[in-house]
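Here's the structure we're looking at; comments come further down.
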Amino acid sequence: MNFSPLEININDLSSARKDKKFNLGLNKMQGIFQYLRSQNEDYDINIEQYINEYWAKNKRDFTTAVTYLKNNDVKKMIIIADGESYILTKAIYDVYYNKFSKQKPDIELIFTQGNINPEELVASLYSLKDEIFAINYISHSAISLESSIAFREYRKLLIDNLKKQNIESSKIADLIYITTDEFENTLNKMANFQKYTLFINSIHLPTRFSSLFEATSIFPLLASGINVMELLNSYLKMYEKITVTEEINNNAILMLAIYIHYIARVQNLNINYVLLGDEKLQSLGSYIQLLINTTLNKNQKGISCISELYDYSSLKNISNSNNNFIFSTFLGKKLEEQHTQLNMVSQQYDVLDFLGQKDLNKSNKDNETIREKDVFNIEILINDYSEVSLGSLIISLQVLVIAIAFLYDFDPFSQPGVEVYKRNLYNILLK
Numbered sequence: 194m195n196f197s198p199l200e201i202n203i204n205d206l207s208s209a210r211k212d213k214k215f216n217l218g219l220n221k222m223q224g225i226f227q228y229l230r231s232q233n234e235d236y237d238i239n240i241e242q243y244i245n246e247y248w249a250k251n252k253r254d255f256t257t258a259v260t261y262l263k264n265n266d267v268k269k270m271i272i273i274a275d276g277e278s279y280i281l282t283k284a285i286y287d288v289y290y291n292k293f294s295k296q297k298p299d300i301e302l303i304f305t306q307g308n309i310n311p312e313e314l315v316a317s318l319y320s321l322k323d324e325i326f327a328i329n330y331i332s333h334s335a336i337s338l339e340s341s342i343a344f345r346e347y348r349k350l351l352i353d354n355l356k357k358q359n360i361e362s363s364k365i366a367d368l369i370y371i372t373t374d375e376f377e378n379t380l381n382k383m384a385n386f387q388k389y390t391l392f393i394n395s396i397h398l399p400t401r402f403s404s405l406f407e408a409t410s411i412f413p414l415l416a417s418g419i420n421v422m423e424l425l426n427s428y429l430k431m432y433e434k435i436t437v438t439e440e441i442n443n444n445a446i447l448m449l450a451i452y453i454h455y456i457a458r459v460q461n462l463n464i465n466y467v468l469l470g471d472e473k474l475q476s477l478g479s480y481i482q483l484l485i486n487t488t489l490n491k492n493q494k495g496i497s498c499i500s501e502l503y504d505y506s507s508l509k510n511i512s513n514s515n516n517n518f519i520f521s522t523f524l525g526k527k528l529e530e531q532h533t534q535l536n537m538v539s540q541q542y543d544v545l546d547f548l549g550q551k552d553l554n555k556s557n558k559d560n561e562t563i564r565e566k567d568v569f570n571i572e573i574l575i576n577d578y579s580e581v582s583l584g585s586l587i588i589s590l591q592v593l594v595i596a597i598a599f600l601y602d603f604d605p606f607s608q609p610g611v612e613v614y615k616r617n618l619y620n621i622l623l624k
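Throughout, my numbering is defined as the position within the sequence shown, counted from one, plus 193.
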């Protein structure tokens, strides 16, 4: 099914359609679709309205901060984030600026991921010795032990580095950026007292759904050089496309949700084994796991997910998974029509003639196996790794898991995330 810029292939959809239970899901999806549409039309929770207003309100602050960093030759920014806050940001960043990428970010993002492993923290701090860097501290509650320790250590190092370069310590206020919720909390108070730049997240949705269109992702991605506006525009265009395609049979995202719910309920395949066709998608796999696990309710009914890079061993896992409640999804880029020819000038270096007169895609035996044997239940293919394709993919995945959760009669927005529980516990302890 072509849902440009995505292509979604479902291996046995035609046989599933013949089952009455599948059609029950199709009928139920009609009601879910109307709910999604009503959300899109409701001014108070309209995503397009919120994104446009949020961008208009904060654009100047974002661009001013990024311009300051670039003008002062700041090359690195430490991202300290609680819980799931950093996952989507890192997923997008790693697509463009991974270890295989030729392009370099305007400002390199270093994600601490709330990790206080002594060896990793010391190694990270040592790598920044004598360097002027920025810090973006992202937190809902500002009471997480891991991120608090990381912030303290990086801030201390930054002050020391400023002193070594005979820069006034007061300049640190221009290099620390705080991202938090709009209600008053510890981090809010600290930012105001220390005169740090403060970015506010206003929408009350779980971070896994909202981080792309709030400061959590916008500011660091903008600093790295990614075209955030193109990312957001493609996100909105695909959301509109999903919510205006009334004929469910022509709506690839909602049909995929029905199919996944069907095979989980009828065939008891409730573990989604996601195979990633490219190294640069590895962090996106972590985000997909987070999203899909959102469909699980407190009784663990729903879909769970594991993800890894695609290779022969993962192919073997799939072939042996018939009795392990697993269904498989392949996520990757469409094969290009124009292939790179791998021709050897001299045969002595290619005695097996593996490269000679072959193109790059045909040499990739993994992709050949995918096409020939229909190994995967589902294929999700994107045109390329542009902001347009990536923004479309992210909203499609979000709507997909929202629809699946509602098919399970479960509200995916009712899961507040670990930081809410931490904050509630913190408030209880204060009483």
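Don't be surprised by glycine CBs; every beta carbon is placed ideally from N, CA and C. Remember, predicted model here, so these are calculated numbers, not experimental data.
Residue i, DSSP secondary structure in three states
i      : result
Asp504 : coil
Ser579 : coil
Ser497 : strand
Val467 : strand
Glu472 : helix
Phe376 : coil
Leu462 : coil
Tyr279 : coil
Asn486 : helix
Asn426 : helix
Asn570 : coil
Phe226 : helix
Tyr286 : helix
Tyr601 : coil
Ile369 : strand
Phe293 : coil
Asn220 : helix
Asn195 : strand
Thr438 : coil
Close-in-space but distant-in-sequence residues of the same chain around residue i (CB under 6 angstroms, 5 per side omitted)
i      : result
Glu241 : Leu429
Ile591 : The residue you asked about is not Ile; residue 591 is Gln in the sequence shown. If we look at Gln591 and ignore the five residues flanking it on each side, its Cβ neighbours are Phe402.
Ser521 : Tyr466, Ile511, Phe569 and Asn570
Ile573 : Ile201 and Leu524
Ile284 : The amino acid occupying residue 284 in the given sequence is Ala; Ile does not appear at that position. Within the same chain, Ala284 has close Cβ partners Ser476, Leu477 and Tyr480.
Ser320 : none
Leu302 : Met270, Ile272, Tyr286, Pro413 and Ser417
Asp353 : none
Phe215 : Ala209 and Tyr455
Reference residue i; option with closest CA among the options
i      : options                           : result
Met194 : Ser521, Asn442 and Tyr601         : Asn442
Gly224 : Phe606, Ala596 and Pro605         : Ala596
Glu313 : His333, Gln387, Glu339 and Gln296 : Glu339
Ile328 : Asn378, Phe376, Ala274 and Ile481 : Ala274
Leu414 : Ser585, Asn216 and Glu580         : Glu580
Ala204 : Ile280, Cys498 and Leu449         : It is worth fixing the name first, because residue 204 is Asn in this sequence and not Ala. Selected option, being the one with the closest Cα: Leu449.
Glu375 : Leu483, Met222 and Phe392         : Phe392
Phe599 : Phe226, Lys211 and Ala209         : Phe226
Ser404 : Asp602, Ile244 and Arg210         : Ile244
Ala209 : Ser278, Ala457, Ser341 and Glu407 : Ala457
Asn310 : Lys322, Glu346, Asn486 and Tyr330 : Glu346
Leu219 : Tyr455, Glu501, Leu484 and Pro605 : Tyr455
Opening and closing residue of the alpha helix (DSSP H) in which residue i lies
i      : result
Ala316 : Pro311 to Ser320
Glu241 : Ile240 to Asn264
Asn394 : Looking at the DSSP string, Asn394 is not in any alpha helix (DSSP H); the run it does join, the beta strand (DSSP E), is Thr390 to Asn394.
Asn385 : Thr379 to Gln387
Ile342 : Leu338 to Lys357
Ile411 : Ala408 to Ser417
Lys211 : Segment: none, Lys211 is in no alpha helix (DSSP H) and carries neither H nor E.
Phe402 : Thr400 to Ser403
Where residue i falls, given that 16 or more other Cβ within 10 Å makes a residue buried
i      : result
Phe293 : exposed
Met422 : exposed
Val594 : buried
Ser427 : buried
Thr372 : buried
Glu439 : exposed
Ile563 : Reliability fails at Ile563, whose pLDDT of 46 lies under 50, so the model's placement of it is uncertain and the value that follows must be treated cautiously. Classification for Ile563: buried.
Thr305 : buried
Val315 : exposed
Val259 : buried
Thr409 : buried
Ala366 : exposed
Close-in-space but distant-in-sequence residues of the same chain around residue i (CB under 7 angstroms, 5 per side omitted)
i      : result
Gly418 : Pro298 and Asp299
Ile411 : Phe255 and Val421
Lys472 : The identity of residue 472 in the sequence shown is Glu, whereas the question assumes Lys. Asn291, Phe293 and Leu502.
First through last residue of the beta strand (DSSP E) which encompasses residue i
i      : result
Tyr452 : Where Tyr452 is concerned, there is no enclosing beta strand (DSSP E), although the alpha helix (DSSP H) it sits in stretches over Ala445 to Val459.
Lys526 : Ile519 to Lys526
Ala274 : Lys269 to Ala274
Glu301 : Glu301 to Phe304
Ala327 : Ala327 to Ile331
Ile203 : Leu199 to Ile203
Cβ neighbours of residue i in the same chain (closer than 8 angstroms, five flanking residues each side left out)
i      : result
Gln296 : Tyr289 and Tyr290
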